[in-house]
Structures are given as C-alpha cells and as structure tokens.
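One structure below.
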Amino acid sequence: NEALESDNSFHVVSFEYAAPATLLKRVYITEGYADGGTSGGGIQNRAAWGNSSSPRIEYCTIEYNKTTSQGAAYAELRTGTPSAALTTFKPFFFECLFSGNVNTSFTNKGSVYSLNALDKMLVEASFENCLFEYNIATHLSALVTDGEGRMTFTHCEFADDENPQGTFIDAVATKFSGTSVTKFVLKISSSEFRGAEASAIRYNRNNGTANGALLIDSIYVTKSLFRNNSSTKGGAYSQLIEGRSNLITVF
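Numbering (this note's numbering), first residue to last: 18 to 268.
Right, dumping it as structure tokens:
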C-alpha cells in the first residue's frame with residue numbers, strides 16, 4: 018500500500034483496561050492513521066490514572082500504519098484526572114510482524130513503538146519471536162523507550178528500517194523531577210540486528226543527577242547477532258550520557 022488516506026481511522030484496534038488474559042490473535046492490522054496529535058495508528062492501549070491495561074497480542078501482522086505523533090504501530094495513552102496513583106501498561110507481543118509503519122513527526126518518536134513512560138507511569142513491554150522491518154521514522158528510531166521503562170526482546174529480528182538516526186532501538190533514560198528513583202531496563206537476548214545505517218542500539222541518558230535523584234539503568238544484550246550495521250560511533254552499540262552513569266551493559 019503506497020498511500021495512507023487521511024480520513025482513515027485513528028486506530029485500527031483500541032484496548033482499554035485490558036486484563037493480562039486479554040488476547041488478540043491472528044489479526045491483520047493495517048492503514049490506521051493517527052494524526053491530529055493522537056498516537057498509535059495500528060493499536061492504541063488506554064488506561065486512566067491509577068489503572069492498568071496489559072493485553073497479549075499474538076501472531077498479528079501490524080503494517081502500513083501511520084502517525085504524526087508517536088508509535089505508528091502501537092502506543093499507550095493515559096487518560097483522566099491526574100493523581101498520585103501509578104498507571105501500568107504491560108503489553109506482550111508474540112510472533113508478530115511490524116512492517117512498513119511510518120512516523121512523519123519531526124519531534125516525536127517511534128515508527129513502531131514509543132515507550133513514553135511519564136511520571137507516575139510504568140511500562141513493561143515484551144516482544145518474543147517478532148520481526149521488525151522496513152519501518153520509517155522521521156525522528157529517532159523504530160522503537161524508543163523513555164522514562165520508567167522496561168523493554169524486553171527475545172528471539173526478535175530487526176532489519177532495514179529507514180530512520181534518520183539509523184538506529185533500531187533508541188534507549189532514552191530520563192529522570193523525572195517528582196521521583197526519587199527511576200529505573201530503566203532494556204533486555205535483549207537471542208536476537209538479530211542487521212542493516213542499520215548507524216548504531217543498531219543507541220543509549221542516551223538525560224538528567225541522571227537532577228534534584229539529587231538516582232537513575233538506575235541496566236542494558237543487557239546476550240546471545241545476539243549484529244551484522245552489516247554501520248556507524249562512526251559503533252555499528253552495534255553507542256551511547257551518549259549526561260551526568261553520572263550507572264549503566265551496565267552485558268554482551
């Protein structure tokens with residue numbers, strides 16, 4: 018599909034307060050167009066402050082979706098009145114294909130997914146046996162994780178995305194001013210990264226010591242293959258760190 022019509026649905030699939038037993042299986046999700054400041058052209062997962070939504074998505078093809086905001090294929094949205102209660106999202110993707118998703122925003126992130134964990138919000142996203150290919154982001158990469166985030170990839174494959182930064186995964190660890198401890202974890206195992214025009218994985222640490230808070234970062238990459246990735250700062254992995262770092266990287 019070469020054209021995504023502007024009058025298409027904002028989201029092809031919407032979840033709200035999905036229990037962990039909620040299952041979406043063998044569905045073809047395509048041509049969602051999340052414009053006008055909304056996100057998640059393929060799938061939007063919603064929950065109000067202090068609640069949770071954690072669907073399981075299996076054997077789905079999520080392709081040719083578009084956004085002018087964040088997460089062309091998938092995105093979370095917290096709704097309702099702000100409170101001190103924690104909002105939790107724990108999506109799980111198994112045997113899914115993410116292909117040809119496009120983010121046209123010059124300021125927002127993620128042609129596939131932007132894990133944008135805001136203050137009082139915890140996101141734990143897991144991907145197993147998934148393929149990511151030919152996704153396009155105008156700004157940053159296919160998958161972006163930011164804030165109180167935990168993202169896990171097992172037996173996944175990343176190939177030939179078109180991103181200006183050239184990366185497949187941008188790990189942006191941000192400390193929120195209202196929290197004493199922010200934890201950021203990225204785990205990758207038995208996966209393959211090929212054809213990135215810059216570092217396949219890039220880590221950027223922001224405001225690690227702001228307001229005296231502690232930012233705990235852990236990046237684990239094990240039993241994975243990196244090939245035909247190119248960068249002057251490390252084809253497989255590079256990092257840009259501000260302030261003190263507690264980064265642990267294991268290959």
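Ideal placement from N, C-alpha and C gives every residue a C-beta, glycine not left out. Since the model is a prediction, treat every value here as computed from it, not as a measurement.
{"query": "Looking at the C-beta of residue 168, does it have a partner C-beta in chain C at a distance below 8 Å?", "result": "Any reference to chain C falls outside this structure, which holds one protein chain only."}
{"query": "With which residues is residue 48 paired in a DSSP beta bridge?", "result": "Note: residue 48 sits in no beta bridge, so no partner."}
{"query": "Distance check for residue 238 and residue 30, CA to CA, integer angstroms please.", "result": "32 Å"}
{"query": "Roughly how many angstroms lie between the CA atoms of residue 154 and residue 144, to the nearest whole one?", "result": "20 Å"}
{"query": "What's the C-alpha gap between residue 206 and residue 166?", "result": "17 Å"}
{"query": "Hey, which unbroken runs of the alpha helix (DSSP H) at 4 residues or more fall wholly within the segment 61-93?", "result": "none"}
{"query": "Please classify residue 245: is it buried, with 16 or more other beta-carbons within 10 angstroms of its beta-carbon, or exposed?", "result": "exposed"}
{"query": "Taking Cβ to Cβ, would you say residue 94 is nearer than 8 Å to residue 61?", "result": "yes"}
{"query": "Alpha carbon to alpha carbon, what distance is there between residue 217 and residue 41?", "result": "30 Å"}
{"query": "With a CB to CB cut of under 7 Å and the five nearest residues on each side skipped, what residues in its chain are close to residue 21?", "result": "Only weak support exists for where residue 21 lies, its pLDDT of 44 falling under 50; the value from the coordinates is given anyway. Closer than 7 Å at Cβ, skipping near neighbours: 48, 50, 81 and 83."}
{"query": "Thinking residue 90 and residue 118 are a contact (beta carbons under 8 Å), I'd like their distance in whole angstroms, please.", "result": "4 Å"}
{"query": "Three-state secondary structure (DSSP) at residue 219?", "result": "strand"}
{"query": "By alpha-carbon positions, which one of 240, 201, 28 and 43 ends up nearest to residue 138?", "result": "201"}
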